[in-house]
Structures are given as C-alpha cells and as structure tokens.
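For the first sequence, the numbering used here assigns the number 19 to the initial residue and increments by one for each residue that follows. Taking it in order: structure first as structure tokens, then the write-up.
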Amino acid sequence: MHLSRYFLPVLRETPSEAEIISHQLMLRAGMVRQSAAGIYSWLPLGHRVLRKIEQIVREEQDRAGAVELLMPTLQSAKIWRESGRYEAYGKEMLRITDRHDREMLYGPTNEELITEIFRDSVKSYKDAGKTLYHIQWKFRDEIRPRFGVMRGREFLMKDAYSFDLTPDDARRTYYRMFAAYLRTFARMGLKSIPMAADTGPIGGDLSHEFIILAKTGESEVFCHKDLLDLDVPPVDIDYDGNLTPIIDAWTGPYAATDEKHEPEQFNAEVPTDKQMSARGIEVGHIFFFGTKYSEPMGARVQGKDGQWQTLQMGSYGVGVSRLVAAVIEASHDDDGIIWPVAVAPFEVGLINLRSGDTATDAACDELYTKLTNAGIEVLYDDTDERAGAKFSAMDVIGLPFQVVVGPKGLKNGEIEVKRRGSGARDTLAIEAGLNHVIEAVKAERMLV
RNA sequence: CGGAGCGUAGCGCAGCCCGGUAGCGCACUAGUCUGGGGGACUAGGGGUCGCGAGUUCGAAUCUCGCCGCUCCGACCA
19 MHLSRYFLPV
29 LRETPSEAEI
39 ISHQLMLRAG
49 MVRQSAAGIY
59 SWLPLGHRVL
69 RKIEQIVREE
79 QDRAGAVELL
89 MPTLQSAKIW
99 RESGRYEAYG
109 KEMLRITDRH
119 DREMLYGPTN
129 EELITEIFRD
139 SVKSYKDAGK
149 TLYHIQWKFR
159 DEIRPRFGVM
169 RGREFLMKDA
179 YSFDLTPDDA
189 RRTYYRMFAA
199 YLRTFARMGL
209 KSIPMAADTG
219 PIGGDLSHEF
229 IILAKTGESE
239 VFCHKDLLDL
249 DVPPVDIDYD
259 GNLTPIIDAW
269 TGPYAATDEK
279 HEPEQFNAEV
289 PTDKQMSARG
299 IEVGHIFFFG
309 TKYSEPMGAR
319 VQGKDGQWQT
329 LQMGSYGVGV
339 SRLVAAVIEA
349 SHDDDGIIWP
359 VAVAPFEVGL
369 INLRSGDTAT
379 DAACDELYTK
389 LTNAGIEVLY
399 DDTDERAGAK
409 FSAMDVIGLP
419 FQVVVGPKGL
429 KNGEIEVKRR
439 GSGARDTLAI
449 EAGLNHVIEA
459 VKAERMLV
C-alpha cells in the first residue's frame, strides 16, 4: 500500500478526551474516530488490526472444533422473555421498537438466540456435543463508557456457545475452549492468565476470566510468578485428547483479580519471592452455566433410551475490539505503538526519505515490489514529507519493521532496517536487508 | 443516575471574571530555500464561538433552557 493513496490521518498532538495510552495512540495513529460516546468508527489502519485479531480468534476457535455462524445484531424481545432476561437485564440493554411497535433489542449477548436456533433444529443426542460461535457487534448501554474501545458501548465480540449432553461432556468442552484461549492470546503476543471467576448460581470451578498483563491495566491482579512461564499448548494440540494436565497446570497456581483476591490464601500458597501483583485487562471469559437457558427455553434432546435430556450449556467470550486496545496497552513506548507481527496492520513500513529523487524512488519501488511479491504486507511512505515527520509517524503507528531508503545510504548500495520494538537499526546492503526483513517477518508471524 | 468540568478553525489552546464585531501554536494551500528524527522564510485559506431563548445600542463574554463530550463514583467483555 502506498501511503499517498491510503487514508491515515495521524495526529501530532493527543486529543484531550483520551485518558489512557491505548486510546491516545489509537487516535494519534489514525485507527479510530469516536462517533458518539462509546461508539467508534474504525479507520483503515485500525480496521486492519481488528480483522487480524478477529482472524486469529477464528482460527483458534476452528482448531478447537467450534463452528462459525453469524447471528444478527437485532433480536426480538420474545426470546428474551422466554429466558426471563428481558426484564432482568436492565438499562444496559438497548431496546428498540420497529414500525409495527414490535419490541426489539440490539443484542448485548446471544444465549437466547443461539439456544432458540439449536433447540429448533436438534432433537437427538447424536446432535449434542457442538460448539457454535460467531463474531459480531454487540451493544451494551454502559452508564459511563470510557477508555476508548476498551470500554465502549458498541464492541466486537467472539461469543461461542456449547451444547452437551452431560456435565462431564460440558467440562471437556470447557477445557477445549480454555486451551484454545491460551493459544489465542499468546498468538497476539500477550501473556494471558486465567483467573477463577464468579460462577454465579451454578457454582463449581468452571468459570475463568482471561487477564492479560499490562502496566496500565484497569484492575489489579495477584498471581504466582510461575504462571508467566508456563507453556502454551502447541499448534498440534490434540483437542480430542486428555486436556486435564493442561488445565491443572494453568489453574493450580494462585491467580486472582483484586475483587477475588484472598491475601491470607495468597501468602499461604505462594512463596514471597514468587508473589506477583500487576495490572491486568480482562480479554476473555468462559463460563459453564448448565441448564440456565436450555431449561426455560426447552432445549432438549432424546437420549438413547428415549428420555428427554436438557442440554448442558456454556458460553465463551472474547473481546475482539477490546483486544486491539489491550495489545497496545501491553506493547508501546513513548514514541507510539509497537505491534507484534501477528496483529500488525502492516508488517513493514518502507520509508522513502527523498520522494521525487530518481534513485531513491527506483530503489523503493523495487523493494516494495519484492517485499510484496514475497507476501509481506508493506506500507510504503512515498509522500513528500520530511524525514523527521516520516520517522515519527511511522513510530506512532508502530509497524514492527521499518525499511529506510535515502540517497546517502543508496550511494553505498545500503538501506537501513529498523526494528520498532528494540529500536535497533542495521545498515545493510539492499539485497541483504531485503532478505533479512522477509525472513524476520515470516519467523514472527506465528508466535506459538 | 449522583458529583465535577468542558464545548472558540482539523488538533492543542488563549480570549469570558471586567460585553465593543475573534486570536495563538501545530496542521492545510502556494512559492523559495532545504533535505537522515515532526526545518526555515514569504504569502494565503479556513470559524453560524455547541444549539435556542433572554438582557443590552451591542453577547464568544452576562442570564435561563437544551444538547453533546470528558473525568470521579456505582456498573461492566
């Protein structure tokens, strides 16, 4: 992509409404613009990141055996009356009436809808054991939206719903999602830590929040340091195998958010030198809730013996749009964003220090073509800006690699390759620099 | 919804207290010099001062109402 043809309104100054760093940088980097309180337009650069994160979530859901579908944003109030949540949900739910005065709502979540779909289509135990998910915009009319897309009212979420015959089956399904979440966040370059969460009326041990650590996280978390070094399940993880060891390893050590934190237990279980307190952001939540919706909504199948059994359900959410901000919170410096390759809007920023100069233009064109042909995503700054402005803008938007081409280096047949994260700069012969970047990008695409 | 504040050019702000026909920096346009970390100079363009009433000869400025946004709290993926 040539920057001169792209739409990238980078801001030199920080808009005053942005409080936290990810919000500031998303505005500065031209990723989003607010359209109303807690509602954002995703500009091209932000949209690319959103899509990449979405795709990673999708791939890991698919790998874990979940099946994608797509449900609408608008729902009928009818099914919410069946579950009893229409009244219970309160003002967070955006209620709408259509021209015929029918009661509608903009979905804050989809348990009711998916349960209706599943129950209306399925009658046999042979159809149980399925997990369905979609990635769709949700709306929750938060009293006070804040922190940009981190706490917006409209947000993109992956929500999966499982239907199993027995609580034991449901537990295995839960474990699959648990493992899939570990992989999902790790692929984005994030350290995620599952923490026991409130299981509500069901009780038991089957609800976890996935917290990623970031200096500017919204809540305080306490955990055993060993959790930081645990291995994430590999690509070839066998989701049909026994996942208990993985779950045990990750749920054994102490980990709690401030609201669940028990200082005595923490001190008793965790040696002082292994105690860690940090800031965290919730990016996922998985939950087993049994028959909470299947019972009132009549989602049942016939077993082998002909008896009707109410399905055991769980739901599994990932805050996709929130993750964009979460990655930034976890990965930035004073100059701007530092994207991990896996979610970077472009993998390489190509900077032409002297647009209009025949030699640099030609060199850049050739590099651009070769990088693109090698399958690398390149944003080529071919504009007429000054060098300093180009460097600063490129640092703000945080592409992981910068290839700098100017007349001085070119005289010696050299280009400069800068690693955004470390700031390390290497001056290399053109061909060597090209190959170096291609290999480095490919090596980092898949982190786990 | 309780408390606090803000709304003046694309962004950041001054002007408001003490009414007199709107300004600064950055950005933008044209030109010249420049050219490896947001360069300099010259000349420009851009504003229903959030909206509506009121007071006044005269309102960005004073009064009232409304709208929007931000921050703190309760709530939350």
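Ideal Cβ placement from N, Cα and C applies to all residues, glycine included. Since this is a predicted model, take the numbers as computed values, not measurements.
Query                                                                                                                                                             : Result
Assuming residue 467 is part of the beta strand (DSSP E), what are its boundary residues?                                                                         : Nothing about residue 467 can be reported from this structure: the residues present for the chain run from 19 to 466 only.
Considering only residues of the same chain and omitting the five flanking positions on each side of residue 371, which have a CB-CB separation below 6 Å?        : 405, 424
Count the CB pairs spanning the stretch 425-437 and the stretch 396-403 that are closer than 8 Å, and state whether there are at least three.                     : no
Using alpha carbons as the reference points, say which of 95, 134, 100, 99 lies closest to residue 115.                                                           : 95
How far does the beta strand (DSSP E) with residue 366 in it extend, from its first residue to its last?                                                          : 366-370
Taking residue 238 as part of the beta strand (DSSP E), name the residues at either end of that continuous run.                                                   : 237-242
Along the chain, where does the beta strand (DSSP E) that runs through residue 326 open and close?                                                                : 326-328
Between 310, 402, 199, 243, which lies nearest to residue 336 when the distance is taken from Cα to Cα?                                                           : 199
Could you pull out every residue in the same chain whose Cβ sits closer than 6 Å to the Cβ of residue 294, ignoring the five residues on either side in sequence? : 241, 243
By the 10 Å Cβ neighbour count, where 16 or more other Cβ atoms means buried, how is residue 106 classified, buried or exposed?                                   : exposed
With distances taken from CA atoms, which of 409, 83, 146 is nearest residue 256?                                                                                 : 83
Just tell me which of 132, 20, 211 has its CA closest to the CA of residue 267.                                                                                   : 211
Have a look at the DSSP bridge pairing and note the partners of residue 181.                                                                                      : 148, 331
Kindly identify the DSSP beta-bridge partner or partners of residue 399.                                                                                          : 369
Residues in its own chain within less than 6 Å of residue 349 by CB, not counting five upstream and five downstream?                                              : 356
Would you call the stretch 446-465 and the stretch 385-393 touching, i.e. three or more CB-CB distances under 8 Å?                                                : yes
Quick check on this structure: which residue in 284, 432, 382 has the alpha carbon closest to the alpha carbon of residue 239?                                    : 284
Is it the case that the Cβ atoms of residue 338 and residue 418 are separated by a distance below 8 Å?                                                            : no
Roughly how many angstroms separate the alpha carbons of residue 60 and residue 26, rounded to a whole number?                                                    : 11 Å
Where residue 303 and residue 403 are concerned, what is the direct C-alpha to C-alpha distance, given to the nearest angstrom?                                   : 45 Å
Per the DSSP calculation, residue 155 is bridged to which residue(s)?                                                                                             : 174
Tell me, to the nearest whole angstrom, how far the beta carbon of residue 176 is from that of residue 79; I am working on the premise that it is less than 8 Å.  : 7 Å
Tell me whether residue 212 sits in a helix, a strand or coil according to DSSP, three-state version.                                                             : strand
Counting along the chain, where does the alpha helix (DSSP H) carrying residue 284 start and finish?                                                              : 281-287
Check this for me: beta carbons of residue 261 and residue 193, under 8 Å apart or not?                                                                           : yes
Measure the C-alpha to C-alpha separation of residue 22 and residue 43 and round it to an integer number of angstroms.                                            : 21 Å
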